[in-house]
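Number 677 in the UniProt record's numbering belongs to position 677 of the sequence shown; there are no gaps in the numbering.
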Amino acid sequence: MPYLGSEETVKELKRALSNPNVQSDRLRYRNVILRVIRFMTQGLDMSLLYMEMVKASATVDIVQKKLVYLYMCTYAGLEPDLALLAINTLRKDCADPSPMVRGLALRSMCNLRMPGITEYIQQPVLSGLRDKASYVRRVAVLGCAKMQSLQPDAEIDGAVVNELYGMLRDPDPVVMVNCLRALEEILKGEGVWSSTNPSPTTSSTGRRVSVLLSDRLSDLDSWGQSETLTFLLRYRPGDEAELFDILNLLDGPLQTGPAGVTAATLRLFLQLAAAHPAVQADALARARPPAGRVLQPLAGAELRRPLPRPAAPAQPAGALQRALQALLLRILGARLPEVPQAGHPGGAELAQAAIFAVGRIGRMYSESCLAILTRLLGLKQEHITSAVVQTFRDLVWLCPQVTASVCQAIPGCEDCIQDSEGKQALIWLLGVHGDQISIAPYVLEEYIDGLKTELSPLVKTELLTATVRLFLSRPAEAQDMLGRLLHYCIEDERDVCVRDSADVLPPAEPVSSPESWPMLTTGGRSQLLPQSAAEPVLGAAGPEEMTADGTADGTGELCLTLEPTLSPEDFEKHWLRLEMAHSEGLARPASPPETLQAALQLVKIQALAFSRPDASPWKAYLYAHSPGSLILAELLQTGSDPDAVQLTVKQEPEDQLGLRAFVSCLQSVLRTLTSDAS
């Protein structure tokens with residue numbers, strides 16, 4: 001129900017509508033009517049103005065008439081007595097000389113919501129069917145359907161039906177389509193117009209109608225064509241000649257029509273040619289190009305949402321992961337030839353961004369993405385090789401299980417890398433995993449020989465760090481070049497950061513073996529850390545062997561290793577099954593997770609998972625292998641002290657020597673990082 005409006009507002013509008021001075025001014029009069037319509041659409045009750053609004057319909061202004069007709073149709077049910085005045089006014093306007101007024105009045109009369117309206121609108125509707133103006137005939141045809149819907153139980157008027165059948169030949173195509181809609185509404189469940197009767201219709205009337213509609217198909221707009229083609233679905237041709245006559249008429253809209261017309265034509269084509277598979281195949285082939293133009297943007301939207309909708313039945317998580325993996329790799333494989341196309345501006349940046357995206361996906365599906373990245377190395381292009389090597393560095397850091405494959409792909413990359421970012425990534429890989437890359441000493445030696453022409457201090461610092469790391473794992477091969485590198489960095493290097501990093505190391509002359517450097521033993525690890533703030537170097541890594549108390553005295557040798565790698569699922573199974581072997585409190589390092597992970601890897605302890613730095617409680621899960629034993633560890637921040645963590649260690653099988661070595665290495669790393677941060 002409308003909201004009760006302000007009485008003063010209604011009285012004011014009523015005085016304005018009755019004011020002769022306002023009525024004489026067409027613009028002011030229309031503005032008052034506009035105010036009435038505005039209040040009506042806002043939900044205010046304007047029914048008390050019905051008499052004044054009916055009087056306002058006596059005008060030649062078509063805009064004012066439309067506004068008044070809208071008002072009369074809205075409040076006709078609330079004012080049934082006064083609505084008779086509106087009906088008389090509308091019947092009078094149905095005889096107006098202007099076809100626009102006649103059609104508007106007839107349409108408004110059919111929209112009046114009041115009982116017994118059918119007896120008032122029947123004569124104007126029948127007169128409108130014979131009107132000279134096509135607009136009036138369009139409205140009158142739909143009025144016939146409205147009369148039937150107002151009295152669904154009444155007997156169908158055969159004269160009206162015959163009149164509508166005859167109007168299917170009307171020269172106006174919209175009138176013809178409206179006749180189709182009206183006949184369907186009136187003749188529900190009968191003959192050719194039945195939408196519920198699937199039986200074939202081959203009567204003479206149906207044949208004449210179908211041929212007529214097919215012949216006039218080209219005169220209709222897209223909406224009319226779609227409606228007509230939908231109606232023709234209910235017709236069954238009587239013989240082959242008639243069938244192919246209709247199919248020939250459908251050939252044009254099948255290829256050149258709008259999307260809706262093409263879809264309706266193809267549907268009709270396939271239904272009529274059900275007994276001719278060759279004709280159906282030809283129709284599908286010709287409809288493929290326009291259908292592809294329509295479906296292309298929709299397919300893009302679906303590819304952006306490859307997973308099932310929330311309303312779809314739940315599927316196993318493993319199946320969804322495999323489906324997503326297959327989809328991503330299929331897209332990447334299809335687009336792989338486009339990556340090296342860098343001829344246009346921004347092509348190199350685009351190719352590198354694509355490779356980095358492959359690396360991010362590779363953190364979840366490492367093996368498949370690693371194969372894609374390895375194939376890209378074969379292109380031998382500078383920007384692509386650099387991006388691939390940088391991606392390899394990130395993958396090795398986050399997915400240790402791919403280290404062996406990356407080390408096999410690295411040889412040969414050094415000749416294609418010229419930018420500093422790519423050089424840093426390659427040098428880092430050669431230093432950290434030089435024991436698995438046979439050419440690592442020779443590649444680093446080439447960089448050392450060309451050090452005078454290197455402009456980037458970051459590359460020099462990374463080269464110094466990598467050479468020291470390689471010396472720890474392959475001292476015989478790295479001894480000479482490390483001496484030359486230290487001599488250059490201390491004596492000839494002008495960059496302060498590089499020179500300071502070299503100053504913490506001993507002079508070049510005493511370099512003979514890792515054991516000759518005191519700072520590479522357990523007691524001096526912190527002296528080597530400052531040379532790289534982002535990636536601390538801990539001398540306890542590599543082949544240095546630790547005894548039970550964590551020192552390197554050459555006796556009672558014991559090595560920690562990262563191999564074989566342990567998956568998160570296997571870690572969880574072992575952790576839940578094993579009993580606690582050791583527990584103690586340690587200081588929590590303030591270093592970022594990446595720094596802690598790098599430091600642990602240098603002492604052959606793998607960090608499997610970290611919490612975010614600001615997470616509470618903070619957790620970290622670690623593992624390592626001692627000879628014949630698997631060691632699992634958890635770092636958990638408990639209590640109110642944010643700088644303390646609880647270490648829990650589990651082991652299988654029990655090995656006290658390996659356990660003490662693991663704990664000693666971990667204590668040294670945490671102590672070194674804590675002292676460096678302070």
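Yeah, the Cβ is synthetic: ideal placement off N, Cα and C, and Gly gets one too. Owing to the predicted nature of the structure, the values given are computational and were not obtained by experimental measurement.
Among Met580, Glu227, Ala476, Gly128, which one has its Cα closest to the Cα of Gly103? Gly128
Go ahead and pull the three-state DSSP assignment for Ile631. strand
Which of the three DSSP states, helix, strand or coil, is assigned to Glu184? helix
Please confirm if the region 452 to 464 is in contact with the region 621 to 628, defined as three or more CB-CB distances below 8 Å between the two stretches. no
Presumed contact (8 Å Cβ cut-off) between Ile372 and Ala351, rounded CB distance: The pair is not a contact, with the Cβ atoms about 13 Å apart (cut-off 8 Å).
Suppose you measure from the CA of Ala615 to the CA of Gln646; what does that come to, to the nearest Å? 16 Å
Note down, in chain order, each residue of its chain lying with its Cβ closer than 6 Å to the Cβ of Leu485, except the 5 sequence neighbours on either side. Ile448, Thr467
Can the beta-carbon of Ser420 be found closer than 8 Å to that of Val459? yes
Does Gln646 come out as helix, strand or coil in the three-state DSSP assignment? strand
Tell me whether Pro589 counts as near the ligand ZN, meaning its Cβ is closer than 7 Å to at least one heavy atom of that ligand. The ligand ZN is absent from the structure shown, which contains no ligand whatsoever.
Answer yes or no: do Ala86 and Met72 have a C-beta to C-beta separation smaller than 8 Å? yes
Tell me whether Val496 is buried or exposed, calling it buried when 16 or more other Cβ atoms sit within 10 Å of its Cβ. exposed
Spatial neighbours of Val406 within its chain, please: C-beta separation below 6 Å, excluding the five flanking residues on both sides. Phe392, Val396
Tell me whether Thr561 sits in a helix, a strand or coil according to DSSP, three-state version. strand
Whole runs of the alpha helix (DSSP H) within the region 447 to 514, excluding any shorter than 4 residues: 457 to 473, 475 to 491, 496 to 503
My guess is that Leu560 and Val603 are in contact by the Cβ rule of under 8 Å, so how many angstroms apart are they, rounded? 7 Å
Tell me the DSSP secondary structure of Gly166 in three-state form. helix
How should Arg469 be labelled, buried or exposed, when 16 other C-beta atoms within 10 angstroms of its C-beta is the threshold for buried? buried
Inter-residue spacing [alpha-carbon to alpha-carbon] between Arg15 and Glu8: 10 Å
Given that a residue counts as buried once 16 or more other Cβ atoms are within 10 Å of its Cβ, and exposed if not, what is Leu217? buried
Can you name the start and end residues of the beta strand (DSSP E) that Lys619 belongs to? 619 to 626
When DSSP labels each residue in this structure, what does His276 get in the three-state scheme? coil
In chain order, which alpha helix (DSSP H) runs of at least 4 residues are fully inside the region 66 to 96? 80 to 93
What is the residue span of the beta strand (DSSP E) that His433 lies within? No beta strand (DSSP E) holds His433; DSSP gives it neither H nor E.
Within its chain, find whatever has a CB closer than 8 Å to the CB of Pro173; leave out the 5 residues flanking it on each side and keep chain order. Arg216, Asp219, Leu220, Asp221, Gly224
Please classify Thr595 as buried or exposed, where buried requires at least 16 other C-beta atoms within 10 Å of its C-beta. buried
Run through DSSP, which three-state label would Ala404 get? helix
Tell whether a beta-carbon distance below 8 Å holds between Leu266 and Leu254. yes
Which value, in whole angstroms, describes the spacing of the CA atoms of Phe571 and Thr262? 59 Å
In angstroms with no decimal places, state the Cα-to-Cα distance between Lys132 and Ala140. 12 Å
Only counting the same chain, and skipping five residues up and downstream in sequence, which positions put a Cβ closer than 6 Å to that of Pro80? Met114
Which of helix, strand or coil DSSP assigns to Gln651: strand
Looking only at C-alpha atoms, which of Ser57, His574, Gln408, Pro400 sits nearest to Glu563? Pro400
Return the residue from the list Tyr75, Val63, Gln271 that minimises the CA-CA distance to Leu44. Tyr75
Do Val649 and Val663 count as a contact pair if the criterion is CB distance below 8 Å? yes
Secondary structure of Ala609, DSSP reduced to three states: strand
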